[in-house]
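Residue numbering for the sequence shown follows numbering that gives the first Met the number 0, beginning at 0 and increasing consecutively. Don't be surprised by glycine CBs; every beta carbon is placed ideally from N, CA and C. Fair warning: this is a prediction, and the values are worked out from it, not measured in the lab.
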Amino acid sequence: MLRKARLLICALLLSGVQLVPAALVGAQQPAGARPKGKKTTAAADAPAADIDPMEEVRRTTAITLLTTLADDARNFREQPLRARVQARAADTLWDTDKERARALFRRAWDAAEAADTESAARAAEEQRRAGGSGRSAAFVSRPNLRREVLRLAARHDRALGEEFLARLDEARKAETSATSQVNANAAAATPGGEQQAKRPDPGNPPVSIQQRLRLALQLLEDGDKERALQFADPALTSVNTYSINFLDTLRTRDAAAADQRIAALMARAANDLASDANTVSLLSAYFYTPFLYHVFQPGGGANTMRWRGEDVPPPSVSPELRAAFFNTGAQILLRPIPSAEADRTSSGRAGTYLVIARLLPLFEQNAPDKAALLRAKMAALTPDTPERARSTENGALTRGLVPEDPSRDRVQENLDRLDRAKDAAERDEIYFNAAQSAMSRDEHDRARSLADKIEDLDLRRQVRGLIDFEATSKAIREKRPEDVLRVARTGELTNLQRTWALTEAAGLLSKDEPGRAGELLDEALVEAKRIDQASPERVRALVAIVTHMASLDKTRVWEVMQEVVKASNGVTEFTGEDGGLVSRAGTKNQMTTMNFSVESFDLTNIFSALARENLDRAVELAKTFTGESPRAIATLAVARAVLDKKKAESAAMR
0 MLRKARLLIC ALLLSGVQLV PAALVGAQQP AGARPKGKKT TAAADAPAAD
50 IDPMEEVRRT TAITLLTTLA DDARNFREQP LRARVQARAA DTLWDTDKER
100 ARALFRRAWD AAEAADTESA ARAAEEQRRA GGSGRSAAFV SRPNLRREVL
150 RLAARHDRAL GEEFLARLDE ARKAETSATS QVNANAAAAT PGGEQQAKRP
200 DPGNPPVSIQ QRLRLALQLL EDGDKERALQ FADPALTSVN TYSINFLDTL
250 RTRDAAAADQ RIAALMARAA NDLASDANTV SLLSAYFYTP FLYHVFQPGG
300 GANTMRWRGE DVPPPSVSPE LRAAFFNTGA QILLRPIPSA EADRTSSGRA
350 GTYLVIARLL PLFEQNAPDK AALLRAKMAA LTPDTPERAR STENGALTRG
400 LVPEDPSRDR VQENLDRLDR AKDAAERDEI YFNAAQSAMS RDEHDRARSL
450 ADKIEDLDLR RQVRGLIDFE ATSKAIREKR PEDVLRVART GELTNLQRTW
500 ALTEAAGLLS KDEPGRAGEL LDEALVEAKR IDQASPERVR ALVAIVTHMA
550 SLDKTRVWEV MQEVVKASNG VTEFTGEDGG LVSRAGTKNQ MTTMNFSVES
600 FDLTNIFSAL ARENLDRAVE LAKTFTGESP RAIATLAVAR AVLDKKKAES
650 AAMR
């Protein structure tokens, strides 16, 4: 059908017939005339030769691909794939056919609901078996598919997003109703359990609040601030880790909007009798430790949550807003102390002491008139606070507020413990910790030499691999191709990690040294073929190679893509997305794991590039995948490359 359409257009062009858009048939104007009451646009004045006659054919092809794929997805073997494919098809079709897209979103939701229910039942069964075995177990975190569908739908249609939020809330209530009575009975049977159960938890607000703020945060990170605020504002009614994290993120995009909302939240907290010391602790994070939150426990413990990898400096807020924080904080912290029996606050008496101790230096500097009263309150709470919690060694009292001593050498602190080690296993663990401390200081060679002192050969290999993986990752992030290559060729890396390092180095060199970059991809291809043919890692390695090759050797790309398809069809685990790397090392007492997401392991980028070069060939290539998931991912990428013009044009310019 596509070929016939092209032949027809070519015949019309050769015969001299002028192609006229259907909307203009019967409404042609005399030469040089302009429609009355309408402004002339550059597109309207463009010569017919500048209009691509194949554009509509390409769009029709892409739409057909998507609708066919979405229909096929209803019969996919795996429920998660059914949900994801239909939701992504709806997302891509939205600008073309909103009604069809809306129907696809609802079908995707039903599939996601079934998949999440099945996943929850499977997880419950695993926990039940583990509980009966008497052994500890690690459970794999499963994706929340309804949240994925919700995110895509809400980007386009607020009403549909609210509909899905309501359905998700109803489902959560139904899921917890069966266990709520069991928990209540257990709490009542435990001394003090009923009181503890009634304490609020600002680190774990109601699920409906979490869901709404998670969605709003995703929309904000997607660049849709207006819609993010529409979903977030109804949930910004209480101080908890989710609300403060949203406002911290909002402030990086719109400081005025974030400051306006934190001011309103503080005013509400000041008048809320349920506000307690943890309310103040979380509010302080907005002003002094963005994305680093402390929630203190009644027993004197603390939960520290870092929601961003790196430290973020305090924001520059107005003196009036900062003064409002100290006024609100003092008002809450100086409320009368309830008796131990009547205390239902999340912080309890010990937690209140610790919040005051943590923030007192800030009050002394910014609101000295309130510092004396707070110091007196601390004194009254001292008997209720364990000595260990009051110790200066309690890092929660200063973390994020007081910079760590740069002269402190944690590596040597670990090594000083060697004399007290009882056996080789303890010595190995000390060297393991010392090597990790050296890694955190970017001392790669020192970390390597410490790892070499580990007697256990398997642990030594693991730690070396961890160190070299981190060094490679850092060199890639900092765009240092020579360092990437040095570790790739001498380090303790797996075949997949080494292939990834070589392809990333090729990408960094492709602009200035294309010849050398091509040689590195050849080297990576040799490395990839050392990976077991039955492993999905081999497919990911080949995809990474061909993705980087697309900008260097377009002719050879199609040849290597045949190897990708062949390798994919030989394994069942390759999905075509969610590619990443992991490196771990550990002893019986501790385990360190590093994860690194690798975009070039996924099929999306390479099929987008292939579709822009030759749509028909890319379509046919996608069909040759026998696995439902890689075929769907490839087809979606092809369709998006045509229908999402902004992304396609942006990618073409790079």
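Judged by DSSP in its simplified three-state form, G579 adopts strand. The residue from L507, Q561, T66 with its alpha-carbon nearest to that of E619 is Q561. Contact annotation: R447 and D427 have beta-carbon atoms that are not nearer than 9 Å. Inter-residue distance for A349 and A339 is about 10 Å (C-alpha atoms, whole angstroms). Scanning the region 342 to 410 from its first residue to its last, the whole alpha helix (DSSP H) runs of 4-plus residues come out as 347 to 365, 367 to 380, 386 to 389. Collapsing the DSSP output to three states places F624 in coil. The straight-line gap separating the alpha-carbon atoms of T351 and L332 is approximately 7 Å.
For A301, the enclosing beta strand (DSSP E) has its first and last residue at 301 to 305. F595: member of the beta strand (DSSP E) spanning 590 to 596, first to last residue. Judged by DSSP secondary structure, L272 falls outside any beta strand (DSSP E); it is assigned neither H nor E. Annotated three-state conformation of A152 is helix, per DSSP. Beyond the five residues adjoining it in sequence on each side, A82 comes within less than 7 Å, by CB distance, of A107, A110, A111, A114, L144, V148 in the same chain, given in chain order.
Residue state for G585 is assigned as strand, using DSSP reduced to three classes. F606 is the residue among F606, N613, K622 whose C-alpha sits nearest the C-alpha of A636. Relative to L320, the option among M265, Q496, E612 whose CA is nearest is M265. Straight across, the Cα-Cα distance linking L614 with R57 is about 8 Å.
Residues of the same chain with a CB within less than 8 Å of the CB of V279, apart from the 5 flanking positions on each side, are T327, G328, I331, L332, V354, L358 in chain order. Note that the region 452 to 463 does not touch the region 494 to 509; fewer than 3 beta-carbon pairs, one per stretch, sit closer than 8 Å. Counting only residues of its own chain and dropping the five nearest sequence neighbours on each side, A61 has a CB closer than 6 Å to the CB of A638, V641, L642.
Between the alpha carbons of G298 and V311 lies a distance of about 29 Å. Each residue's CA atom was taken as its position, placing E117 and P79 some 10 Å apart.
Closest option to F104, judged by alpha-carbon separation, among E124, R226, T384, R73: R73.
Between the region 573 to 580 and the region 623 to 631, the count of C-beta pairs closer than 8 Å reaches three or more; the two stretches touch.
In the DSSP assignment, V294 falls outside any alpha helix (DSSP H) and lies within the beta strand (DSSP E) extending over 291 to 295.
Straight across, the Cα-Cα distance linking T303 with N393 is about 12 Å. Around the CB of Q496, 16 or more other CB atoms lie within 10 Å, so the residue is classed as buried.
At a Cβ-Cβ threshold of 9 Å, L400 and P360 count as neighbours. Going by DSSP, A549 is part of no alpha helix (DSSP H) at all; its letter is neither H nor E. Assigned with DSSP and collapsed to three states, S242 falls in helix. In its own chain, leaving out the 5 sequence neighbours on each side, no residue places its CB closer than 7 Å to the CB of R334.
Across the structure, A621 and T592 are spaced so that their CA atoms are roughly 35 Å apart.
In this structure the region 400 to 414 lies against the region 434 to 452, because at least three pairs of beta carbons, one per stretch, are closer than 8 Å. In this structure D258 is not in contact with K224, their Cβ atoms being roughly 15 Å apart against a cut-off of 8 Å.
Taking 8 Å as the upper bound for CB-CB distance, A566 and L602 are not in contact here, some 12 Å apart.
Counting only the Cα atoms, E526 lies some 43 Å from D418. Between the alpha carbons of D232 and F163 lies a distance of about 17 Å.
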